[in-house]
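In the working numbering, the protein residues as written are 9 to 284.
Positions of the beta carbon are idealized from the N, C-alpha and C atoms, including for glycine.
Everything on this sheet refers to the single structure shown next.
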């Protein structure tokens, strides 16, 4: 069985290739705009370039890692789904968003559109709805350890983050086991944490007090812009944080730990990794 992974040079893509290899997969192809950056079998593939879609020839299972180009994801993903169908791909695994079908996060819209495109395609598929990556907090953790401050709009909302490696393991597990396919998984860390709990863990590991600034969404967006984030991206991050206050990034189904066969990466390890 030939498995192909899109976005293979990205953080999640590289970890997914490693997770597949760790589980004994040998017929794996990395798909990327710059395949020369990969070791092992690799083909050039661009979500927006139809001339690259022949890279899907001979692929049995496609791991479709969502594009990093927010705002372009829906058409890019439709391109890939149509190309997969034309090339006889048997099954697609798609990395969607936690509770995408009912999420009010701005990020959910393109994931819902992709899920709909998959359903309309008639292709066999699995939805792996990923929660937040612990690595999303790396820069905030490092800054908090240095400055003694951390800010956000998530309030008392619990965020069930897990490490990217956990999500990559889940992709590998499902790709290699047909019995796990054809389902929808809500993937999140085993234990959620609040912004205050994150600050407390940073303080414990950094050896200094960390003050928390609980901001309104607009205030947090403005702060992110002053830190150099482009306005559209700052708006998405602030919206995601504000939605987290209402539980958008929490799930206690434990689908993720069941798929990977061990507990997800805890907050202590997420903070330790960010602090180096």
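Closest Cα partner of residue 56 within the set 85, 38, 212
Residue mapping note: residue 56 aligns to position 48 of the chain shown, counting from 1. Minimum Cα distance to residue 56 is reached at 85.
Can you name the start and end residues of the beta strand (DSSP E) that residue 159 belongs to?
For the purposes of this step, residue 159 is taken as residue 151 along the chain shown, with counting starting at 1. Note, residue 159: beta strand (DSSP E), 157 to 160.
Could you give the distance in angstroms between the alpha-carbon of residue 173 and the alpha-carbon of residue 51?
Reading the chain shown from its first residue, position 165 is the one you call residue 173. Reading the chain shown from its first residue, position 43 is the one you call residue 51. A straight line joining the alpha-carbon of residue 173 with that of residue 51 spans about 23 angstroms.
Curious, which full-length beta strand (DSSP E) runs of at least 3 residues does the stretch 54 to 79 contain?
Counting only runs of 3 or more, we get 69 to 72.
Could you say which of 182, 98, 230 lies nearest to residue 27 if we only look at CA atoms?
As a working mapping, residue 27 is identified with position 19 in the chain shown. Cα-wise, what sits closest to residue 27 is 182.
So what's residue 234 in DSSP terms, helix, strand or just coil?
Indexing the chain shown from 1 puts residue 234 at position 226. When DSSP states are grouped into helix, strand and coil, residue 234 belongs to the helix group.
Work out the CA separation of residue 70 and residue 244 for me, nearest whole Å.
Numbered from 1 along the chain shown, position 236 holds the residue referred to as residue 244. Numbered from 1 along the chain shown, position 62 holds the residue referred to as residue 70. Spanning the alpha carbons of residue 244 and residue 70 requires a straight line of approximately 28 angstroms.
Could you tell me which residues DSSP pairs with residue 219 in its beta bridges?
What you label residue 219 is simply residue 211 of the chain shown in a count that begins at 1. Note: residue 219 sits in a beta bridge opposite 157.
Neighbour-count burial assignment, residue 260, 16 or more Cβ in a 10 Å radius
Along the chain shown, one-based indexing puts residue 260 at 252. Counting Cβ neighbours within 10 Å, residue 260 comes out exposed, since fewer than 16 surround it.
My assumption, with CB atoms under 8 angstroms, is that residue 198 sits in contact with residue 265. Please give the rounded CB distance.
Locating residue 198 in the chain shown gives position 190, counting from the first residue. Locating residue 265 in the chain shown gives position 257, counting from the first residue. Confirmed, about 5 angstroms.
Cross-strand partners of residue 136 (DSSP beta bridge)
Taking the first residue of the chain shown as 1, we reach residue 136 at position 128. Looking at the DSSP assignment, residue 136 forms a beta bridge with 103, 193.
Take residue 247 as the anchor and find which of 280, 74, 44, 230 has the nearest alpha-carbon.
Counted from its first residue, the chain shown places residue 247 at position 239. Nearest neighbour of residue 247 by Cα position, chosen from 280, 74, 44, 230, turns out to be 230.
For residue 281 and residue 179, I'd like the C-alpha separation in whole angstroms.
As a working note, residue 281 is residue 273 in the chain shown. As a working note, residue 179 is residue 171 in the chain shown. When rounded, the distance between both Cα atoms is 22 angstroms.
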